[in-house]
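Have a look at the structure below before the remarks.
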Amino acid sequence: MAPSTSAPTFPPIVPPDEAARSRATELRSSAPTSAGIPAGSMGTLEDVAAWIAACQGAAPAQPLDAARLIIVAGEHGVATAHPEVSALPADFTAQVRQELARAQAPVVDACRAARVSLSIVDATLGKPSAPIDTADALTPEEYDKHLARGMRFADEEADKGTAVLLLGDLGRGLSTVAAAVIGSVCSVEPVKIIGRGSGIGDEAWKTKVSVIRDAMFRVRDDKAVASRVLQQIGSADLVVMAGILAQSAVRRTPVIFDGVGAAAAALCAQMLAPGAAAWWLAASAGTEPATQTALTALGLDPLLDLRLGTGQGLGAVLALPMVRYAVAACSTSV
1 MAPSTSAPTF PPIVPPDEAA RSRATELRSS APTSAGIPAG SMGTLEDVAA
51 WIAACQGAAP AQPLDAARLI IVAGEHGVAT AHPEVSALPA DFTAQVRQEL
101 ARAQAPVVDA CRAARVSLSI VDATLGKPSA PIDTADALTP EEYDKHLARG
151 MRFADEEADK GTAVLLLGDL GRGLSTVAAA VIGSVCSVEP VKIIGRGSGI
201 GDEAWKTKVS VIRDAMFRVR DDKAVASRVL QQIGSADLVV MAGILAQSAV
251 RRTPVIFDGV GAAAAALCAQ MLAPGAAAWW LAASAGTEPA TQTALTALGL
301 DPLLDLRLGT GQGLGAVLAL PMVRYAVAAC STSV
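Here it is in structure tokens:
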């Protein structure tokens with residue numbers, strides 16, 4: 001079954017302001033050398049500062065004071081049906097969510113240090129997504145509900161004046177689901193798109209390849225339609241994240257995302273709302289081959305190269321101080 005005709009849709013995406021980007025670049029190029037950072041000497045950070053100016057529609061860019069990380073957690077039926085695809089304990093997602101709620105997880109410390117507010121979203125709502133190799137992950141109605149829910153989160157942040165939104169993922173079995181989605185959309189065979197995930201061995205890797213192969217076969221005729229891919233072989237958390245990413249672009253809120261699940265959601269969000277990727281920055285390419293495949297398709301170059309495999313948006317939180325510095329340095333030197 002395909003998503004219903006009542007599924008939420010997105011208006012045409014207004015791109016970041018190119019005039020503001022050009023003005024920010026011009027201001028930077030005319031900065032006095034006495035500042036100690038001549039024009040061009042900050043490399044990619046100058047492009048990042050110009051991108052923020054374009055997103056804000058003002059040059060030079062203004063400080064990114066209000067930042068929020070949204071971690072979207074999900075339970076995946078494929079990890080229950082095939083426990084070997086993940087080396088993590090069965091209750092891993094619940095354990096981490098509990099630690100996050102207790103403010104005891106490492107990413108919480110990173111948020112404190114970077115002055116980032118934190119929200120944890122339970123996308124599953126008590127019902128894990130179905131095993132994607134044998135059944136549709138979601139019903140059409142569930143797809144609609146989760147997409148609209150993600151859109152509401154983006155609207156709430158825009159209405160609160162959040163200057164930059166950070167997005168992270170969490171879930172046992174997530175790398176399997178994400179690889180199936182990315183492999184389908186990008187037409188890449190499973191053996192070239194999956195890594196070792198949580199540290200699985202050879203036999204488990206073979207099972208993972210088989211699961212992803214069977215899932216991709218199920219959407220072989222629908223891989224150009226993001227809504228069908230997400231509904232059939234995605235998951236609730238991927239749909240929520242796609243809603244957040246696409247609607248943030250609608251509301252002109254820049255997003256920094258991190259994690260293979262977020263990358264898969266971004267790939268689909270760009271298909272749902274063409275042009276939305278212009279409003280996003282990829283924090284890192286992580287350790288999963290599927291992530292780089294998705295980022296290449298999106299035309300996004302990761303800001304960091306730390307080989308982070310933790311998910312939970314940690315890379316996005318670590319990237320934010322660098323982005324803030326780029327904005328400050330390229331603004332104060334003009």
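Residues in the sequence shown are numbered from 1 upward in steps of one, following the UniProt record's numbering.
The C-beta atom is built at its ideal place from N, Cα and C for all residues, glycine as well.
Leu165 places its beta carbon less than 8 angstroms from that of Ser248.
The beta-carbon distance between Pro60 and Leu27, rounded to whole angstroms, is 6 angstroms. This is short enough to meet the 8 angstroms contact definition.
It is roughly 13 angstroms from the alpha-carbon of Gly275 to the alpha-carbon of Leu281. The way I'd put it, the region 75-90 does touch the region 168-185; three or more beta-carbon pairs between them come closer than 8 angstroms. Pairwise C-beta distances place the region 205-220 in contact with the region 125-142, as three or more of them are shorter than 8 angstroms. Per DSSP, reduced to three states, the secondary structure at Gly150 is helical. Between Gly261 and Gly313, the C-beta gap is not smaller than 8 angstroms, which leaves the two residues out of contact.
For the set Ala277, Ser227, Met271, the Cα lying nearest the Cα of Ser6 is the one of Ser227. The continuous beta strand (DSSP E) containing Trp280 extends over residues 280-282. Excluding its 5 nearest sequence neighbours in each direction, Val209 has C-beta neighbours in its own chain below 6 angstroms: Pro190, Val191, listed in chain order. Taking C-beta separations shorter than 6 angstroms and ignoring five residues to either side along the sequence, the partners of Ser198 in its chain run Ser86, Ala87, Leu88, following chain order. Looking only at Ala101, Leu69, Val14, Thr25, the smallest Cα-Cα distance to Ile244 is reached by Leu69.
Boundaries of the alpha helix (DSSP H) harbouring Gly261: 260-272, taken from the DSSP string. Here Ala90 is not near Ile120, since their CB atoms are 8 angstroms or more apart. When DSSP states are grouped into helix, strand and coil, Phe10 belongs to the coil group.
Inclusion of Val250 and Pro11 in the CB contact set at 8 angstroms is warranted, their separation being smaller than that value. Restricting attention to Ala123, Trp279, Ala265, the CA atom closest to the CA of Thr291 is found in Ala265.
With fewer than 16 other beta carbons inside 10 angstroms of its own, Arg307 counts as exposed. For Leu167, the closest C-alpha among the options Val48, Gly36, Leu238 is that of Leu238.
Judged by their CB atoms, Leu295 and Ala285 are nearer to each other than the 8 angstroms cut-off. Straight across, the Cα-Cα distance linking Arg220 with Leu118 is about 38 angstroms.
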